[in-house]
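Chains as they are written, first to last, in this note's numbering: chain U, 1190 to 1533; chain L, 14 to 809. Ideal placement from N, C-alpha and C gives every residue a C-beta, glycine not left out.
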Amino acid sequence: MDDLDALLSSAPEQIVGAASLEALDNVEAELLGRRSLITEQRRGLGRLELEVRPAAGARLNEAATRLQGLLTARRVVLERLEEDRLLAEDRVDVTVPRRRVAIGTSHLITQTIDEISDIFTAIGYQIADGPEAETAWHNFDALNTPWWHPSRLESDTMYLDYGDPEDEILLRTQTSTVQARTMESQPPPVYVIAPGRCYRTDTFDATHSPVFHQFEGLAVAEGITFGDLKGTLSYFAREYFGPERTIRLIPHFFPFTEPSAEMHVSCFVCDGSGCRVCSQSGWLELLGCGMVDPNVFEAVGYDPAAVTGFAFGGGIERVAMVRHGIEDIRHLWDNDHRVNEQFV
Amino acid sequence: MRVSLRWLREFIDIPLTNPDEIEQVLAGLGHEVDAIEILGIPFTGVEVAQVASIRPHPDADKIRLVTVQRGAGTQEVVCGAWNFDEGDIVTLATVGAVLPGGFEIGARDIRGVVSEGMICSERELGLGDQHDGILVLQGDFEIGRDFAEYLELPDVVFDLSITPNRPDAMSMLGIARDVAAKLNLECREPTIELVEFDPPTALEVEIRDPEGCPRFVGREVRGVVSGPSPMWLQARLRAAGVRPISNLVDTTNYVMFELGHPTHVFDLDQVAGERLIVHRAVAGDTLQTLDGVERKLDPEDIVISDENGIVSLAGIMGGGPTEVSESTTRVLVEAAHWYPPAILYSSKRHALRSEASARFERGVDPNLSARAAARVAQLLVDNAGGEAARRVVDVYPTPVEPWTVEFPVGELVRILGIEVDGPTATDFLTRLGMTVTGSDPLMVTVPTARPDLTRPVDLVEEVARLHGYDNIPESLPHGTGGGLTHSQRRTRLLRSVLTGAGFTEANTLGFIGVADLDALGLPADDPRRATVRVKNPLSEAEETLRSTLLPGLIKAAARNGSYGFRDVALFEIGRVFRKTPSNIDDRIPHQPAHLAALVTGAVDGSLSSDRDGAEVFDLTALLTALGERLGLGKLSIRQAPVPGLHPGRSATIINDDFVIGTIGELHPAAVRQFDLTGRVAVMEIELDPLVAEPAWWRFTAPSVYPPEKFDLAFEMEAAVPASQLVGSVRGALREGLESVTLFDEFDLGGGRKSLAVTVVVRAADHTMTDEEAQGLRRTIIDHVQADLNVKLRGGE
């Protein structure tokens, strides 16, 4: 065994014994550095006989390669250990909320309007808009409301001090005004949803607000039937309250529809068996609807013999409150941070 | 309208017993059931007894010993009431009886005498409020019989919401007819047999207001004796929700519930001159109504006068002097038809809504008046011992006749979507009381009780009601083109930018008062002072429509402050109202939608890195983000004092050279006025320019070559806005400029400041050399120094 053999047999232990990257650097200098045995012997190759020189050189290269491999393997291990140590030092409690991304909420009323709009645009409706300060004609006369109807009284309707006294201007009490506005401005067919603000001379209580939101639906074309109204409301009930919902329509009265109905949807809490939410009836009263009265068609210049249509109108607050279990409408107008942040 | 099932069964043999099934039938007819009330017998062990003898109690003055005759034998009880005599029929709670409230009757020793039972008052039996004495029964009672058998109990009462188009359904008979039609039953109408006696009545009636009173029927009934109504009638009134009073008054109520026609009885001996005149009141007229209130009458009120003056507010309430009383012996039964709107407005004006006004204002069948008067007269004869006078006064100048509607059968499929043939429709309509001839069109003659049926479409509804709305199959039509408009989509995008930036949407009422505009410190000529006033506002503080969203939003912030949340970031999108005409209809006010935002208190997260408190920069950053996300390249702000805002921290918002809003911090005075503290940053912008569809943006391919970057610092007057410097730098180069970023602002003192920007330049088609970059830098410096009164700092 010569010096090189001795080196090769002792080096692995020396390399593995290096406990740090610094120690490994020293071992590497000792084994392969300028003053190492291998470097010295390489320098001495020139002095060897020509015929043994290649074999000696090859032996030295082989030894160097072997040692380099061992060193690299050890270095990888030590580097990983070093990184582990640094990571351990870098530990933080990630459950401490050191940063905050503040994202606000849109109001439940807006969300409900958007959701209902999407439900109906999906079946080919457009979203219509109308003024909130309206003529009495659009709010009442065009909708077949007799001149003496009590809803016209100041105890129900807010009137505005504006313009020509002949054109009574008021704050619309229902989004049905958009029926007249839409039909005045375009020929049939019409498929629109009109969500928006309405106003009545009500005082605030758990279920009344002087300002509230409705969504009006209107479909007018040749061949629209009461069965279409039922199917459309049934579709809406399933989309908004869940696929298991069924509806029933019971006869009712509105000046602007004939036949008229009130739509009830099977209670989504108890599935119709009766609970507190539905006052044990199994049904939730949701909205008013019916076939557009021929007088309304005549008022807006449509031919009631040529087209038929249906209309429905519901309360945005009402459907949202029912779905989310809000029992006092005032929560929707208070802008209390603790309320509005729930509108996810 | 409360409908007693027992009473209903007088008219129809309804084959259902389960209240829920009956509710289904009623609801299916359009008579929604608000509540179902089960009326049980409120007591047990009470029997009819007769007072045989009365003697004093040996040891007490105020109570007596009463021997009563029962079904089997007699019995002595102690009684503290004095309102009865020997021979009177009373109710006896026997030992073991249980009275309302669980009160059990046992044998009780009362001052040394054992009382085996108790004679009851009305209140003790749970039948009413009377407790002045015991209940003395009048009429036909069998001694010893269980008193409960006279009470028409148990019963089920359906509380119905009758829709305003159905005056006929405000009656037991109307409901019975509808149910009979639906279930195909026979309906038994009440029969009226009335014997009239001479002399004929001397009463005369003159109608001076035939519009207000199209018909007046009067009947005289003589020799009545006031007293309690028979038990069955009292029971029905109780079920209907009305307290029995006396046979004279109860009779009119009974007929109102039975037939749907309200009537009124006058004490005819108190009517001066045997002559009544129907007319409108004159301003200044007054009437003391029978509730004791002295009422000022309106010229729109219809009234009835006798020789001495007004005796009744027609259709609403009689006057005190002609009211029937215990001493009344001669009555006038009035059954008149009143003009519905007049009754509606009178009852509202005098705050006298009643069961009667509710019927008159819907429109009572004018052809029912004679029958109603006769029915009242008959019941007075039966129950008050009266005698109907010969001759009926019936003033009915223009009788209403049934009308005929031409009804094409095809309307049924056109409107309902179901095939109903002529014979079926004829059957339905006939069951509902109409007379139908012809096959197609059907010629349908409508009874005058149904003023709501004048057109084919009204008959469609009748057929649908009997066919059953539930039996019409569903179908789902699709519209002709769905989807949101561009501006609707962009409004949603705008909202998502705002919420993404940490702002929460508020929802405020939209009314403001002058005080709000004063608190904002708006000058007299500010356009937001030109508000649209509400004639009948909710309150003085909310007397006008909002001309700005700011007060609502500021108050929402203040309210959150009061709840303990000082750090708020809010926005609202809503209409404001202007005194100028709308462009869609010049009769109504202009009502553009606005966006407003507010931030106050500590801000964090993506809102701002500045934790000291919100300031105007939180909103300028928000505005910039909105401009970038909505692609509004021409959105900018121009520093200027804005009324209501901090003069040194406010600006107008400009889009495409138009001022579309304002931004800044509230003036400290306004902050104090609204009970806030610290800085409150607000902005308000017209929505339309933000969400209008912009021109399509065009793509620019990013350069693949490296950028060159250099900083420039300029010295200038402190008043020069940074936006001007940045704008000037941007304007210096026609191409190659990639970005200009302001990175330093430094006060040099003496009214001067330094602003520093980082400029990035990059060529589209080659790597820019140092020399090129230096050339661009020089161009910028020369341009800016020539453009603005500024000087490059730190040498060339």
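Inset, instruction - Give the interface partners of Asn1250 (chain U) over in chain L, defined as CB-CB distance under 9 Å, in chain order. - result: In the first sequence, the residue the question calls residue 1250 (chain U) occupies position 61. Here the premise fails: no neighbours, minimum Cβ distance about 44 Å.
Inset, instruction - Check whether the segment 339–350 of chain L touches the segment 1323–1336 of chain U, taking contact to mean three or more Cβ pairs, one atom from each stretch, closer than 8 Å. - result: no
Inset, instruction - Check the Cβ-Cβ distances between Gly430 (chain L) and every residue of chain U, and say whether any is below 8 Å. - result: For this step, residue 430 (chain L) is matched to residue 417 along the second sequence. So yes, Gly430 (chain L) belongs to the interface.
Legend entry - Buried versus exposed call for Asn1215 (chain U) [16 or more other C-beta atoms within 10 Å across all chains shown]: Within the first sequence, numbered from 1, the residue matching residue 1215 (chain U) stands at position 26. With fewer than 16 other Cβ atoms within 10 Å, it is exposed.
Legend entry - Pick from L:Asp47, L:Ala776, L:Ala569, L:Asp760 that is closest to Val695 (chain L), judged by C-alpha positions: Translated into the one-based positions of the second sequence, residue 695 (chain L) becomes position 682. When each option's Cα is compared against that of Val695 (chain L), the closest is L:Ala569.
Legend entry - Per DSSP, the bridge partner or partners of Gln63 (chain L): Translated into the one-based positions of the second sequence, residue 63 (chain L) becomes position 50. Per DSSP, L:Gln82, L:Ile102.
Inset, instruction - Kindly indicate which three-state DSSP category Met1347 (chain U) falls into: helix, strand or coil? - result: The residue labelled residue 1347 (chain U) in the question sits at position 158 within the first sequence. For Met1347 (chain U), the secondary structure class from DSSP, reduced to helix, strand or coil, is coil.
Inset, instruction - Could you have a look at His480 (chain L) and say whether DSSP puts it in helix, strand or coil? - result: Stepping through the second sequence from its first residue, residue 480 (chain L) is reached at position 467. Correct three-state label for His480 (chain L): helix.
Inset, instruction - Check whether the Cβ of Ile1413 (chain U) lies closer than 8 Å to any Cβ atom in chain L. - result: Translated into positions along the first sequence, residue 1413 (chain U) becomes position 224. By this cut-off, Ile1413 (chain U) is an interface position.
Inset, instruction - Check whether the Cβ atoms of Pro32 (chain L) and Ile49 (chain L) lie closer than 8 Å to each other. - result: Position 19 of the second sequence, counted from the first residue, corresponds to residue 32 (chain L). Position 36 of the second sequence, counted from the first residue, corresponds to residue 49 (chain L). Contact: yes.
Inset, instruction - Within its chain, find whatever has a CB closer than 6 Å to the CB of Ser560 (chain L); leave out the 5 residues flanking it on each side and keep chain order. - result: Counting from 1 along the second sequence, the entry for residue 560 (chain L) is found at position 547. Only Arg541, Thr544, Val589 meet the Cβ criterion.
Legend entry - Interface residues of chain U facing Ser239 (chain L) [CB-CB closer than 8 Å]: As a position in the second sequence, residue 239 (chain L) is number 226, starting the count at 1. The premise fails here: Ser239 (chain L) is roughly 37 Å from chain U at the closest Cβ pair, so nothing lies under 8 Å.
Legend entry - Neighbour flag for Ala120 (chain L) against chain U, beta carbons, 8 Å: The residue given as residue 120 (chain L) occupies position 107 in the second sequence. No, Ala120 (chain L) does not count as interfacial toward chain U.
Legend entry - Cβ neighbour criterion (16 or more within 10 Å) applied to Asp263 (chain L): Working through the second sequence from its first residue, we reach residue 263 (chain L) at position 250. It is buried - the Cβ of Asp263 (chain L) has at least 16 other Cβ atoms within 10 Å.
Legend entry - Element boundaries [alpha helix (DSSP H), containing Gly1416 (chain U)]: Reading the first sequence from its first residue, position 227 is the one you call residue 1416 (chain U). Start and end: 1415–1430.
Inset, instruction - Tell whether a beta-carbon distance below 8 Å holds between Ile1413 (chain U) and Pro490 (chain L). - result: Residue numbering aside, residue 1413 (chain U) sits at position 224 when the first sequence is read from its first letter. Residue numbering aside, residue 490 (chain L) sits at position 477 when the second sequence is read from its first letter. Contact: yes.
Legend entry - Nearest candidate by alpha-carbon position, reference Arg1507 (chain U), set U:Phe1499, U:His1520, U:Ala1500: Working through the first sequence from its first residue, we reach residue 1507 (chain U) at position 318. It is U:His1520 whose Cα lies nearest to the Cα of Arg1507 (chain U).
Legend entry - Alpha-carbon spacing of Thr439 (chain L) relative to Leu479 (chain L), whole angstroms: The residue you call residue 439 (chain L) lines up with position 426 of the second sequence. The residue you call residue 479 (chain L) lines up with position 466 of the second sequence. Going by the C-alpha atoms only, they are around 12 Å apart.
Inset, instruction - Indicate whether at least one CB of chain L lies closer than 8 Å to the CB of Glu1428 (chain U). - result: Locating residue 1428 (chain U) in the first sequence gives position 239, where the first residue counts as 1. So, not an interface residue.
Legend entry - Contacting residues, own chain, Cβ-Cβ under 6 Å from Thr593 (chain L) (five flanking each side not counted): Residue mapping note: residue 593 (chain L) aligns to position 580 of the second sequence, counting from 1. Taken in chain order, the residues that qualify are His603.
Inset, instruction - Kindly indicate if chain U contains any beta-carbon less than 8 Å away from that of Glu418 (chain L). - result: Residue 418 (chain L) sits at position 405 when you count from the first residue of the second sequence. It should be pointed out that residue 418 (chain L) corresponds to Val in this sequence rather than to Glu. Chain U contact via Cβ: absent.
Inset, instruction - Flag Pro1376 (chain U) as yes if its beta-carbon sits less than 8 Å from any beta-carbon of chain L, otherwise no. - result: In the first sequence, residue 1376 (chain U) corresponds to position 187, counting from 1. No, Pro1376 (chain U) does not count as interfacial toward chain L.
Legend entry - Under 7 Å (Cβ pairs) to chain U, residues found in the segment 173–204 of chain L: Thr176, Pro177, Asn178
Legend entry - Ordered list of alpha helix (DSSP H) runs contained in the segment 553–603 of chain L, each at least 4 residues: Secondary structure within the segment 553–603 of chain L: the alpha helix (DSSP H) runs of 4 or more consecutive residues, fully enclosed, are 563–575 (chain order).
Inset, instruction - Reducing DSSP to helix, strand and coil, say where Pro1354 (chain U) ends up. - result: In the first sequence, the residue the question calls residue 1354 (chain U) occupies position 165. Three-state DSSP puts Pro1354 (chain U) in coil, outside helix and strand.
Inset, instruction - Buried or exposed for Gln1469 (chain U), please, with buried defined as at least 16 other CB atoms from any protein chain shown within 10 angstroms of its CB. - result: For the purposes of this step, residue 1469 (chain U) is identified with residue 280 of the first sequence, where counting begins at 1. The residue in question, Gln1469 (chain U), is exposed, as its Cβ has fewer than 16 Cβ neighbours within 10 Å.
Inset, instruction - Using 10 angstroms around the beta-carbon of Thr1284 (chain U), count the other beta-carbons present and answer buried if the total reaches 16, otherwise exposed. - result: What you label residue 1284 (chain U) is simply residue 95 of the first sequence in a count that begins at 1. That one is exposed.
Legend entry - Close Cβ partners of Tyr1351 (chain U) (< 8 Å) along its chain, the five nearest in sequence each way excluded: Along the first sequence, one-based indexing puts residue 1351 (chain U) at 162. Closer than 8 Å at Cβ, skipping near neighbours: Ala1322, Ile1358.
Inset, instruction - Report the partner residues of Asn668 (chain L) according to the DSSP bridge assignment. - result: For this step, residue 668 (chain L) is matched to residue 655 along the second sequence. Answer by DSSP bridge pairing, in chain order: L:Leu648, L:Phe671.
Inset, instruction - Just confirm the distance between the C-beta atoms of Ile485 (chain L) and Met1480 (chain U), as a whole number of angstroms; I'd bet it's less than 8 Å. - result: Working through the second sequence from its first residue, we reach residue 485 (chain L) at position 472. Working through the first sequence from its first residue, we reach residue 1480 (chain U) at position 291. Incorrect: roughly 11 Å between the Cβ atoms, too far for contact.
Legend entry - Test: Leu511 (chain L) CB closer than 8 Å to a CB of chain U: As a first step, residue 511 (chain L) is located in the second sequence; it is residue number 498 there, counting from the start. Yes, its Cβ sits closer than 8 Å to a Cβ of chain U.
Inset, instruction - Could you run through the segment 1392–1416 of chain U and flag, in chain order, every residue whose CB is less than 7 Å away from some CB of chain L? - result: Pro1399, Val1400, Ala1408, Ile1413, Thr1414, Phe1415, Gly1416
Inset, instruction - Would you give the residue range spanned by the alpha helix (DSSP H) that Arg22 (chain L) belongs to? - result: Position 9 of the second sequence, counted from the first residue, corresponds to residue 22 (chain L). 18–24 is the extent of the alpha helix (DSSP H) around Arg22 (chain L).
Inset, instruction - Please go through the same chain and pick out, in chain order, the residues whose beta-carbon is closer than 6 Å to the beta-carbon of Gly141 (chain L), but skip the five residues on each side of it. - result: Working through the second sequence from its first residue, we reach residue 141 (chain L) at position 128. Within its own chain, the residues whose Cβ lies closer than 6 Å to the Cβ of Gly141 (chain L), once the five positions on either side in sequence are excluded, are Glu135, listed in chain order.
Legend entry - Span separating the alpha-carbon of Val476 (chain L) from that of Phe441 (chain L): As a first step, residue 476 (chain L) is located in the second sequence; it is residue number 463 there, counting from the start. As a first step, residue 441 (chain L) is located in the second sequence; it is residue number 428 there, counting from the start. Put simply, the backbone Cα of Val476 (chain L) is about 6 Å away from that of Phe441 (chain L).
Inset, instruction - Apply the 10 Å Cβ neighbour rule to Trp709 (chain L) and answer buried if 16 or more other Cβ atoms are within range, or exposed otherwise. - result: In the second sequence, counting from the first residue as 1, residue 709 (chain L) sits at position 696. With fewer than 16 other beta carbons inside 10 angstroms of its own, Trp709 (chain L) counts as exposed.
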